[in-house]
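Below is one structure, written out as structure tokens; comments come after it.
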Amino acid sequence: MLTERIGIYIYFKQNKFIRQLKRYGHVVYVNTKKQYMLVYVNQEELDDTLKRLSKLKYVTDVLVSEYKNIKKEYTKDPV
170 MLTERIGIYI
180 YFKQNKFIRQ
190 LKRYGHVVYV
200 NTKKQYMLVY
210 VNQEELDDTL
220 KRLSKLKYVT
230 DVLVSEYKNI
240 KKEYTKDPV
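Be aware that the sequence shown starts at 170, since it is given in the working numbering, and climbs by one per residue.
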């Protein structure tokens, strides 16, 4: 069975911390210029991972992806 995964955007202070942040989930994208990365984490481990990441000194911000809340199917309203 497939596990539910959710994306987390992690903003960090310096690029040298990318290697340490790789252990928190599956890294999909890293932007070294704006210093953030997109990591996928299991839904069950989301709360624990967010708490651990927010305690790190080199992490400036952690955001959860809003992709699950976006409307994906569009229908034309009958007039």
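Every residue, glycine too, gets a C-beta built ideally from N, C-alpha and C.
Quantities reported herein were computed from a predicted structural model and do not represent experimental measurements.
Starting from residue 218, follow the alpha helix (DSSP H) in both directions and report where the run begins and ends. Looking up residue 218 in the sequence shown gives position 49. It spans 215-224 - the alpha helix (DSSP H) in which residue 218 sits, taken as one unbroken run.
Of the choices 218, 170, 245, whose alpha-carbon is the least far from that of residue 177? As a position in the sequence shown, residue 177 is number 8, starting the count at 1. Checked all of 218, 170, 245; the closest Cα to residue 177 is 218.
Nonlocal neighbours in the same chain, by C-beta distance under 7 Å from residue 179, ignoring five residues either side: Position 10 of the sequence shown, counted from the start, is the residue given in the question as residue 179. Answer for residue 179: 190, 205, 206, 208, 222, 228, 231, listed in chain order.
Given a threshold of 16 other Cβ atoms within 10 Å of its Cβ, counted over all protein chains shown, does residue 243 qualify as buried or as exposed? The sequence position of residue 243 within the sequence shown is 74, counting from 1. Exposed.
What is the DSSP secondary structure of residue 187, reduced to helix, strand or coil? Here residue 187 is taken as the residue at index 18 of the sequence shown, counted from 1. The answer is helix: DSSP assigns residue 187 an H, G or I state.
Taking the alpha carbon of residue 213 as the point to measure from, which residue in 226, 247, 194, 185 has its own alpha carbon closest? As a working mapping, residue 213 is identified with position 44 in the sequence shown. It is 194.
Can you tell me where the beta strand (DSSP E) holding residue 206 begins and where it ends? Here residue 206 corresponds to residue number 37 of the sequence shown, with the count starting at 1. Start and end: 205-211.
Using the Cα positions of residue 192 and residue 220, report the straight-line distance between them to the nearest angstrom. For the purposes of this step, residue 192 is taken as the residue at position 23 of the sequence shown. For the purposes of this step, residue 220 is taken as the residue at position 51 of the sequence shown. Their Cα atoms are separated by approximately 15 Å.
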